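Residue numbers for the sequence shown, in numbering that gives the first Met the number 0: 0 to 129.
Where is the CB? At the ideal position from N, CA and C, for every residue including glycine.
A quick note: this is a predicted structure, and the numbers were derived from the prediction, not measured.
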Amino acid sequence: MTFLKTVCLSSLYLIAIVSMPQMDITVANLSQKWDLKGYEVFFYEAVPEIQEQHDYLHLSEDMTYESISDGVYEQGVWILANKRIQLMKAGETHTTTFKVEALTQNDLTLILDTPEDEETQYIKILFKSE
Numbered sequence: 000m001t002f003l004k005t006v007c008l009s010s011l012y013l014i015a016i017v018s019m020p021q022m023d024i025t026v027a028n029l030s031q032k033w034d035l036k037g038y039e040v041f042f043y044e045a046v047p048e049i050q051e052q053h054d055y056l057h058l059s060e061d062m063t064y065e066s067i068s069d070g071v072y073e074q075g076v077w078i079l080a081n082k083r084i085q086l087m088k089a090g091e092t093h094t095t096t097f098k099v100e101a102l103t104q105n106d107l108t109l110i111l112d113t114p115e116d117e118e119t120q121y122i123k124i125l126f127k128s129e
């Protein structure tokens, strides 16, 4: 009975995700403050750890960003190309790239795009807007 219940709940979850109205991935639609909601690995969701509870990513239409990650503040510029967000910290040349997996009015799902670490493609970073 428990297995059947799990399968049913998983199916409902997938239906809910698929039926969410997706938005076009544009600068205008991404430009807002996104609070870290958690992580998803396959179908398992994890809440942020204590030091991540106030983490956010604020993308601005002027192509600057501010964020707090693991409690550390940073700012810089961002680029949107091919459904990927590239963040470059102020004063640095290295970029961190995220693939935009899903975007709705209230939810943003990113995947860290690091070809040298294939396992990151299975970790979804979940954000919500205020």
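Legend entry - Proximity of D54 and G75 at Cβ, strictly below 9 Å: no
Legend entry - Assigned secondary structure, T119 (DSSP; H/G/I helix, E/B strand, else coil): helix
Legend entry - Rounded straight-line distance, which links the Cα of Q120 to that of K41: It should be noted that the sequence gives Phe, not Lys, for residue 41. For F41 and Q120, the distance between alpha carbons rounds to 10 Å.
Inset, instruction - Determine the burial state of T92: buried for a count of at least 16 other Cβ atoms within 10 Å of its Cβ, exposed for fewer. - result: exposed
Legend entry - C-beta atoms of D106 and K127 nearer than 9 Å: yes
Legend entry - 8 Å contact criterion, which G37 and V46 should meet: CB distance rounded: 5 Å
Inset, instruction - To the nearest angstrom, report how far apart M87 and P114 are at their CA atoms. - result: 18 Å
Legend entry - Reference W77; option with closest CA among L29, L102, D116, I49: L29
Inset, instruction - Name the one or two DSSP bridge partners that T95 has. - result: L86
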